[in-house]
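All remarks here apply to the structure that follows.
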Amino acid sequence: MKAWVVRFAALYVYNIAVLLVIGLLTPAKVGFHVFWAAVIMVLAEILVKPFVLKMFAKSAAKSAAQRTRVAEGFVQALIVLAVAAIIWVIVMLLSNVNAGGSWFWAWVLPPVLITIGWWIYSRVNKKFEEQAGAIYDRAMGPKPGVAEAAPATTRVDTAAAHQELHDGLTPEQRKMLDDLGKS
Numbered sequence: 001m002k003a004w005v006v007r008f009a010a011l012y013v014y015n016i017a018v019l020l021v022i023g024l025l026t027p028a029k030v031g032f033h034v035f036w037a038a039v040i041m042v043l044a045e046i047l048v049k050p051f052v053l054k055m056f057a058k059s060a061a062k063s064a065a066q067r068t069r070v071a072e073g074f075v076q077a078l079i080v081l082a083v084a085a086i087i088w089v090i091v092m093l094l095s096n097v098n099a100g101g102s103w104f105w106a107w108v109l110p111p112v113l114i115t116i117g118w119w120i121y122s123r124v125n126k127k128f129e130e131q132a133g134a135i136y137d138r139a140m141g142p143k144p145g146v147a148e149a150a151p152a153t154t155r156v157d158t159a160a161a162h163q164e165l166h167d168g169l170t171p172e173q174r175k176m177l178d179d180l181g182k183s
């Protein structure tokens with residue numbers, strides 16, 4: 001549960017910043033609705049984005065062999081922009097955000113800014129969620145009556161045993177997980 005709370009909080013704070021940038025750089029009227037719009041945007045990113053992205057990618061994969069590398073990169077960028085546009089429409093429909101202005105300012109630029117925001121977030125995601133996790137841990141504090149675990153005093157003789165102590169997996173389990181990651 002902690003992982004979901006931390007992920008939601010980190011995305012929420014970041015999406016507030018993205019929506020404020022959209023409000024500053026476009027005629028979109030975000031205002032005080034930014035807090036509710038950020039909740040909608042986070043939920044759309046967690047629930048809708050993976051489904052729509054997978055659907056578009058599956059559709060594009062059917063003709064991927066016919067495209068060059070550059071064309072494939074262009075198609076992938078268009079897919080991400082289309083998903084960002086869908087997220088933007090969901091945010092506008094379910095919040096009081098108004099995208100005033102011409103079609104470019106209302107329907108093209110905000111998804112581009114959202115896509116740039118996703119790219120930046122993917123670069124800082126780990127650090128951002130670590131900080132949010134630290135804040136969560138401090139807020140929850142130590143649980144009363146729970147003693148700290150004593151450090152293990154066993155000696156590790158082999159590299160495999162040492163690795164197993166750190167992740168709790170046997171070499172066979174580790175190999176199975178590695179094989180799953182490759183497919």
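The numbers in this note's numbering rise by one with no breaks, and the one at position 105 of the sequence shown is 105.
All residues carry an ideal CB built from backbone N, CA and C; glycine is no exception.
The alpha helix (DSSP H) that contains L53, what's its start and end? K49 to A61
Considering only residues of the same chain and omitting the five flanking positions on each side of N15, which have a CB-CB separation below 7 Å? A38, M41 and V42
Looking at C-alpha atoms only, which residue of V21, R67 and L81 is the closest neighbour of K184? Residue numbering for the chain in the displayed model covers 1 to 183; residue 184 lies beyond these limits and cannot be assessed.
Of the residues E129, Q173, G141 and F32, the one placed nearest W4, counting alpha carbons only: E129
CB contact flag (L113, L25, <8 Å): yes
Indicate the three-state DSSP secondary structure (helix, strand or coil) for N98 in the structure shown. strand
Identify which residue in F74, I90, K127 and A85 has its Cα closest to the Cα of F104. A85
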